[in-house]
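Chemist: Residue numbers (my numbering): 21 to 172. Beta carbons are placed, not taken as given, at the ideal position from N, Cα and C, and that holds for glycine. Encoded as structure tokens, here's the structure I'll be asking about.
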Ligand code: SF4
Ligand code: SF4
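Quick look at the structure:
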């Protein structure tokens with residue numbers, strides 16, 4: 021999975037919103053926060069369920085007090101956040117513009133790869149080596165299917 025490198029951390033305005041409504045599916049152990057993540061036991065132990073719709077439970081973190089984090093030992097999921105171009109950001113998050121740009125970069129790459137696959141497909145019957153390239157391209161597109169890459 022693509023990760024943002026050298027993430028700048030100065031976009032956070034410390035509103036605390038990303039810690040007060042965390043979407044979790046406890047049945048599948050998945051949380052929708054920094055992209056689609058596996059819910060670790062450490063992170064799970066910090067959560068306080070607040071509301072529920074279907075299979076998603078919205079949780080607050082027990083360490084969030086007056087919109088501030090009071091956890092001296094934040095787990096990696098927190099110190100890295102947001103570290104994915106598919107991070108779920110609450111409205112007003114200082115990273116909105118930055119994550120939008122990262123997200124667009126991935127989408128543009130996927131669209132370009134799809135165009136190339138179409139182009140290569142016309143030559144497949146004669147050039148076997150091209151199939152290998154198409155498979156690599158498709159693997160990249162598949163990597164983002166849970167975020168909707170087939171429709172980009
Ligand atoms: S929602 Fe964004 S701006 Fe607010 S605390 Fe979280 S990362 Fe910082
Ligand atoms: S530990 Fe801190 S940063 Fe992590 S979810 Fe809780 S309040 Fe937010």
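List in chain order the residues whose CB is within less than 5 Å of at least one heavy atom of ligand 2.
Modeler: Having a Cβ closer than 5 Å to some heavy atom of ligand 2 are 39, 81, 83, 84, 89, 91, 94 and 98.
Chemist: Could you tell me which whole beta strand (DSSP E) segments of length 3 or greater appear in the stretch 57–135?
Modeler: Counting only runs of 3+ residues, the beta strand (DSSP E) found wholly inside the stretch 57–135 occupies 67–73 and 76–81, in chain order.
Chemist: Determine the closest residue to residue 167 out of 56, 139 and 34, with distance taken between C-alpha atoms.
Modeler: 56
Chemist: CB residue 160 to CB residue 133, shorter than 8 Å?
Modeler: yes
Chemist: Once the 5 residues before and after residue 63 are set aside, which same chain residues still bring their CB inside 6 Å of it?
Modeler: 95 and 97
Chemist: To the nearest whole angstrom, what separates the beta carbons of residue 126 and residue 158, a pair I think is in contact under 8 Å?
Modeler: That pair is no contact at about 15 Å.
Chemist: Just the Cα atoms here: how many angstroms apart are residue 154 and residue 70?
Modeler: 46 Å
Chemist: Examine ligand 1 and report whether any of its heavy atoms sits within less than 7 Å of the Cβ of residue 16.
Modeler: Because the chain spans 21 through 172 in this model, residue 16 falls outside it and cannot be assessed.
Chemist: Looking at the structure shown, is residue 173 part of a helix, part of a strand, or coil, going by DSSP?
Modeler: With the chain covering 21 to 172 only, the question about residue 173 has no answer from this structure.
Chemist: Taking 7 Å as the cut-off, does the CB of residue 115 come closer than this to any heavy atom belonging to ligand 1?
Modeler: yes
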